[in-house]
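A.B. asks:
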Amino acid sequence: MAYAGAYADLYAGWKANPEGFWMEAAQGIDWVKAPTRALNDDRAPLYEWFSDAVVNTCFNAVDRHVLAGRGDQIAIKHVSPITHSTKGITYAQLQKRVASLAGALRAKGVEKGDRVIIYMPMIAEAVEAMLACARLGAIHSVVFGGFAANELAVRIDDCTPKCIIAASCGLEPGRVVHYKPLLDKAIDLASHKPDFCVVFQREEEVAKLIEGRDVAWHTFQYGVEPAECVPVSGDHPVYILYTSGTTGAPKGVVRATAGHLVALNWTMKAIYDIDAGDVFWAASDVGWVVGHSYICYAPLIAGATTIVYEGKPVGTPDAGAFWRVVQNQRVKVLFTAPTALRAIKRDDPQGELIKDYNLRSLKALYLAGERADPDTILWAGRHLNVPVIDHWWQTETGWAIAANPLGIEALTVKIGSPSVAMPGYDVQVLDEGGHPVAPGTLGAIVVKLPLPPGTLPTLWNAEDRFKKSYLAHFPGFYETGDAGYIDEDGYLYIMARTDDVINVAGHRLSTGAMEEVLAGHPDVAECAVIGVADQLKGQSPLGFLCLNKGSGRDAGDVVKECVKLMREKIGPVADFKRAVVVDRLPKTRSGKILRGTMVKIADSTPYKAPATIDDPAILDEIKAALQTLGLAKG
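Per the UniProt record's numbering, residue 1 is the first one in the sequence shown, and the count goes up by one each step.
(1) Using 8 Å as the threshold, is the C-beta distance between Val-504 and Pro-231 below it?
(2) Using C-beta distances below 6 Å, list every residue in its chain close to Cys-296, excluding the 5 sequence neighbours before and after it, in chain order.
(3) Bridge partners for His-140 per DSSP, in chain order?
(4) Determine whether the beta carbon atoms of Gly-252 and Pro-453 lie at a separation below 8 Å.
(5) Would you call the segment 513-526 and the segment 367-386 touching, i.e. three or more CB-CB distances under 8 Å?
(6) In three-state DSSP terms, what is Thr-247?
(7) What does a CB cutoff of less than 8 Å around Trp-323 pick up in its chain, not counting 5 residues either side in sequence?
(8) Taking Ala-92 as the reference, which of Glu-204, Val-198, Ser-100 has the closest Cα?
(9) By DSSP, does Pro-541 sit in helix, in strand, or in coil?
(10) With a CB to CB cut of under 7 Å and the five nearest residues on each side skipped, what residues in its chain are close to Lys-345?
(11) With DSSP run on the structure shown, which of helix, strand or coil describes Cys-197?
(12) Near Asp-603, which residues of its chain fall below 7 Å by C-beta distance, leaving aside the five closest residues on each side in sequence?
(13) Where do the N-terminal and C-terminal ends of the alpha helix (DSSP H) with Gln-428 fall, by residue?
(14) Is the segment 279-289 touching the segment 324-339, taking contact as three or more C-beta pairs under 8 Å?
(15) Should the segment 52-66 be called in touch with the segment 254-274, which here means at least 3 C-beta pairs below 8 Å?
(16) State whether the segment 448-464 contacts the segment 430-438, with contact taken as three or more CB pairs (one from each stretch) at a distance under 8 Å.
(17) Please list the terminal residues of the continuous beta strand (DSSP E) segment that includes Ile-479.
(18) Could you give the residue range of the alpha helix (DSSP H) that holds Trp-460?
(19) Do the CB positions of Ile-415 and Ala-403 come within less than 8 Å of each other?
(20) At what residues does the beta strand (DSSP E) containing Val-177 begin and finish?
(21) So who's on the other strand from Cys-546, going by DSSP bridges?
(22) Between the Cα of Ile-123 and those of Glu-488, Phe-220, Pro-161, Gly-287, spot the shortest distance and give me the residue it belongs to.
(23) Rounded C-beta distance between Leu-585 and Cys-562? I'm assuming under 8 Å.
(24) So, using beta-carbon positions, are Val-386 and Ala-364 closer together than 8 Å?
(25) At 3 residues or longer, and completely inside the segment 558-597: list those beta strand (DSSP E) runs for me, N to C.
(26) Can you tell me whether DSSP reads Cys-229 as helix, strand or coil?
(27) Per the contact definition of three or more C-beta pairs closer than 8 Å, is the segment 299-306 in contact with the segment 265-281?
(28) Can you tell me where the alpha helix (DSSP H) with residue 635 in it begins and where it stops?
(29) Tell me the rounded alpha-carbon separation between Gly-440 and Gly-490.
(30) Considering only the alpha carbon of each residue, which of Gly-571, Val-176, Asp-157, Asp-214 lies closest to residue 636?
(31) Within 10 angstroms of its Cβ, does Glu-310 collect 16 or more other Cβ (buried), or is it exposed?
(32) Tell me whether the segment 63-77 and the segment 39-49 touch, counting them as touching only if at least three CB pairs, one residue from each stretch, are closer than 8 Å.
(33) What are the boundary residues of the beta strand (DSSP E) that Val-446 is part of?
(34) Drop a sphere of 10 angstroms on the beta-carbon of Arg-97, count the other beta-carbons inside from all chains shown, and report buried for 16 or more, exposed for fewer.
(35) The beta strand (DSSP E) that contains Asp-214, what's its start and end?
(36) Quick check on this structure: which residue in Ser-419, Arg-553, Gly-484, Gly-20 has the alpha carbon closest to the alpha carbon of Glu-432?
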């Protein structure tokens, strides 16, 4: 590492003594039985952390703060611009609510090790359900509310839940999403049948309950003894989270209890500079890993206030929605996806709405989920006047692989880089043969084993698939599936998914670098680049451009300017000659652009709309746009 300072000392200290580093970090957790060692490598490459400890996640997230005399502090603030309501729940209230729900689940037979699927919208009760499971030592699996019935059925059959906790409906701007019919159909489709379903009835829709199977959230808790926290071993799973399943069967990422507690607690101060009592807002959903780590668990473990937001970055009611929440709830740190910021920027390119709000409480904006293009980062920094910190992590890791750790030391920001590896991650870049490459050279990004605490130890009931998916290609390393490079200063650059590096006449080119160029055009709000089949050159790049609202520019002129820009910035080697203007890009609900699906459409190969797609109708729009270029035939 090329640094001198607190971060360099910390990282070097971890590398010299990882066992000591994580044992010290473990002191921030309240144990029933403290661990005697950090790493258990008896089954390498299947590593375990703090496996001989005994602990409870819910106690660390809730009860210990009440016992410390901070029960009156707000733990969860639910903000819904759709229902025009705001509700605060203190730590003391949260303890009672979670203990009551856990007691009711226990009375119906849910015990330590049982699985529980949670199928709920962004309401406080979703977080309470997660914590109630953790209180009992039951293993929860949150499925994004409103997910298609067949996809929910696949997850029911994979984790075989004893019960499902659901809500009657979810709310989108202008419409109600009916959850109960989807749930009923999923259970009909699944081979495994849950013993019972708990349904939280919302005012906007009261669902019909099936007698003998369904119980109402409130009534089934009447007269039930509240549950205490059940101690579990350090390696006991706290949850299973299924990856999006855009390719093949979804993978059930397992999160072990003790490592999860230690890592998340460490990150809140070290990475985000959040202390007990601060207000932290991860603008995500509990169906995604960000919602698990940074809406539910980490802020509560750290004793902060977490925001549960039921709304959109735009349209509820306008592009000032996020800034309104920051002002009204005095948010210290906002964590969102670049795609949300691009949506705001597209509706409000001059940042006029930002001026309407007092954002003095905001100290930093964190981005993760999709690659953060420099133009969006610069726009946010200019209008918000706070550090805009891109950081990089995955569902599998559960917390940041690379970040700028503001709680340790504010490092120099390099636009386009999520900064540097965090302690626990020995990040390297390898060529296809597994050899290290020189600084600045594009390659496969890997992490030397063992991965740190809080990362996945395996996949649910799929140990061989875990090894094949992540460990087989580069023995001794975890394969991230991302491509990029590390510069002379040790800063990491994520340029694309490995599958998105395209080969143009023998030149390996990053679609991320091309997208960076296109995003720099003043009329382009959002963009994507894919590689389409080319008989002469193997692959040829193709751009998709979404223009700023009200730009008024002729689409053909913008395309010509983008082609010229690409030639100037990357050169003729990019062979960038084609782009098409579209209204929107196909994305998953978490904001990831479905480039792989777009490639299949362009190449006229069979494709299936991924289960996680936000709106399948977009694919027809993409196909129509591609047909104007002579692609997507048939």
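Beta carbons: idealized from backbone N, C-alpha and C, even for Gly.
C.D. replies: According to the structure shown:
(1) no
(2) Val-127, Met-130
(3) Val-116, Tyr-239
(4) no
(5) yes
(6) Any answer about Thr-247 is weak, because its pLDDT of 45 lies below 50 and its placement is not dependable; what the coordinates show is given next. Thr-247 falls in the coil class under three-state DSSP.
(7) Leu-353, Ile-354, Asp-356, Tyr-357, Leu-359
(8) Ser-100
(9) strand
(10) Thr-376, Trp-379, Ala-525
(11) strand
(12) Val-532, Ala-533
(13) Careful: Gln-428 lies outside any alpha helix (DSSP H), inside the beta strand (DSSP E) at 427-430.
(14) yes
(15) yes
(16) no
(17) Strictly speaking, residue 479 in this sequence is Glu, with Ile absent from that position. That run of the beta strand (DSSP E) goes 477-486.
(18) Where Trp-460 is concerned, there is no enclosing alpha helix (DSSP H), given that its DSSP letter is neither H nor E.
(19) no
(20) 175-178
(21) Glu-526
(22) Gly-287
(23) That belief does not hold up - the Cβ atoms of Leu-585 and Cys-562 are roughly 15 Å apart, past 8 Å.
(24) yes
(25) 578-581
(26) coil
(27) yes
(28) Nothing can be reported for residue 635, as the shown portion of the chain is limited to 1 through 634.
(29) 10 Å
(30) Nothing can be reported for residue 636, as the shown portion of the chain is limited to 1 through 634.
(31) buried
(32) no
(33) 443-448
(34) buried
(35) 214-216
(36) Gly-484
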